[in-house]
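Structure first, commentary second.
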Amino acid sequence: MTSTFAVAAPGIAGKNFIAGQWSEAGHQTFESLNPARFEEVIGVFPRTDATGVAQAVAAAREAFPRWRRLSRIARGECFDRLAQLIKRDLDHLVELVSRESGKVLNEAKADVIEGLHMVQYVFSTARMPHGQVVASEVADKESFILRKPKGVVTAVTPWNFPFAIPLWLLGPSLMEGNTAVLKPS
C-alpha cells in the first residue's frame, strides 16, 4: 500500500490576471507539483476554458488603444519599475522557479537573472532612436523602417525557462505598444 501526502509549503492559489485584476477562471483547476519532489504541491491553478481566454483577449484588445498611445518613455518606465521589483524579490523568485521547474538553485537564478536582463534591455530602448534608415536601390532615395504596434500578441511558452522566455517574447512587444496574452506551460 502506498500513501502520498501534500506538503503545505505555503501553497499558491493561482488566478488569472486580466484587465489589471486577479480573477477566478472558472471551476476547473490543476495542481502544480514540484518535479523534483512529487509530494510537494506548489499550488492550485485555474484551468482556463475558452470563455476565460476570450475574456483575456477582449481585455487586451480594450487596453490596446490606451497602451499604444503612451509614449515609449512612459512604457519604458513600466519596465524600469518591473526591474526594481524583480531585484527586490530575486531570492523569492529564484526559489519559486526552482520548485516549479525542478531546477537546482543556480539554474533557477540564471533563468530569473536572464529575465531581469531582458527587462533592463527593454527599458534601455525607451530613449533610443526609433526606426532605421536602410539602403535603397533607387539613387537619392532613403528607405525607413518604423515599427508600429499591431494589437494583441499571444505568447505560449514552454516549461524550461518559465521566467525568462515570457519576458523575451513579451518585453519587446509591449515596449512597441502592443498588448499581450500569456499562456505559460
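In case it helps, the working numbering puts the sequence shown at residues 5 to 189. Idealized CB from N, CA, C, for every residue including glycine.
task: For L173, I'd like the list of residues in its chain whose CB is within less than 6 Å of its CB, leaving aside the five on either flank, ordered along the chain.
output: Indexing the sequence shown from 1 puts residue 173 at position 169. For L173, where only same-chain residues beyond five positions count, the Cβ hits under 6 Å are A159.
- prompt: Ordered along the chain, which non-local residues of its own chain (more than five positions away) have a Cβ less than 8 Å from that of G15?
  reply: For this step, residue 15 is matched to residue 11 along the sequence shown. V45, I46, G47 and V48.
Other residues of its chain near F167: CB distance less than 6 Å, five sequence neighbours each side excluded: For the purposes of this step, residue 167 is identified with residue 163 of the sequence shown, where counting begins at 1. Once the five neighbours on either side are set aside, the close Cβ partners of F167 are V101, D115, V116 and G119.
query: What are the uninterrupted segments assigned as alpha helix (DSSP H) that are 4 or more residues long and contained completely in the region 9-77, given in chain order?
result: 54-73
query: Where DSSP assigns a beta bridge to Q2, which residues make up the other side?
result: For the chain, the structure presents residues 5 to 189; residue 2 sits outside this window and is missing.
task: Run through the region 83-122 for me and flag every whole alpha helix (DSSP H) of 4 or more residues, listed as ranges in chain order.
output: 94-105
message: Spatial neighbours of R51 within its chain, please: C-beta separation below 8 Å, excluding the five flanking residues on both sides.
response: For the purposes of this step, residue 51 is identified with residue 47 of the sequence shown, where counting begins at 1. A29, G30, Q32, T33 and F34, listed in sequence order.
- prompt: What are the partner residues of L173, as DSSP defines its beta bridges?
  reply: What you label residue 173 is simply residue 169 of the sequence shown in a count that begins at 1. For L173, which the question treats as bridged, DSSP gives no partner whatsoever.
field: Cβ neighbours of A184 in the same chain (closer than 8 Å, five flanking residues each side left out)
entry: As a working mapping, residue 184 is identified with position 180 in the sequence shown. So the list reads A64, V156, V157, T158, A159, L174, S177 and L178, once near-sequence residues are dropped.
message: Using a Cβ-based criterion (distance less than 7 Å to any ligand heavy atom), does G15 qualify as near the ligand NAD?
response: Only the bare structure without any ligand can be found here, which leaves the ligand NAD out of the picture.
message: Run through the DSSP bridge pairs and tell me what T161 is partnered with.
response: In the sequence shown, the residue the question calls residue 161 occupies position 157. For T161, which the question treats as bridged, DSSP gives the partners P188.
message: By DSSP's criteria, T129 is part of a beta bridge. Which residues make up the other side?
response: Looking up residue 129 in the sequence shown gives position 125. The partner list for T129 (beta bridge, DSSP) is empty, contrary to what the question assumes.
- request: Measure from the alpha carbon of R72 to the alpha carbon of each residue in L171, R151 and I169, then state which is nearest.
  value: The residue given as residue 72 occupies position 68 in the sequence shown. The candidate whose alpha carbon is nearest that of R72 is R151.
field: Counterpart residues of V156 in DSSP-defined beta bridges
entry: For this step, residue 156 is matched to residue 152 along the sequence shown. T183.
- prompt: With DSSP run on the structure shown, which of helix, strand or coil describes E81?
  reply: Taking the sequence shown and counting its residues from 1, the one referred to as residue 81 is at position 77. Of the three classes helix, strand and coil, the one that applies to E81 here is helix, per DSSP.
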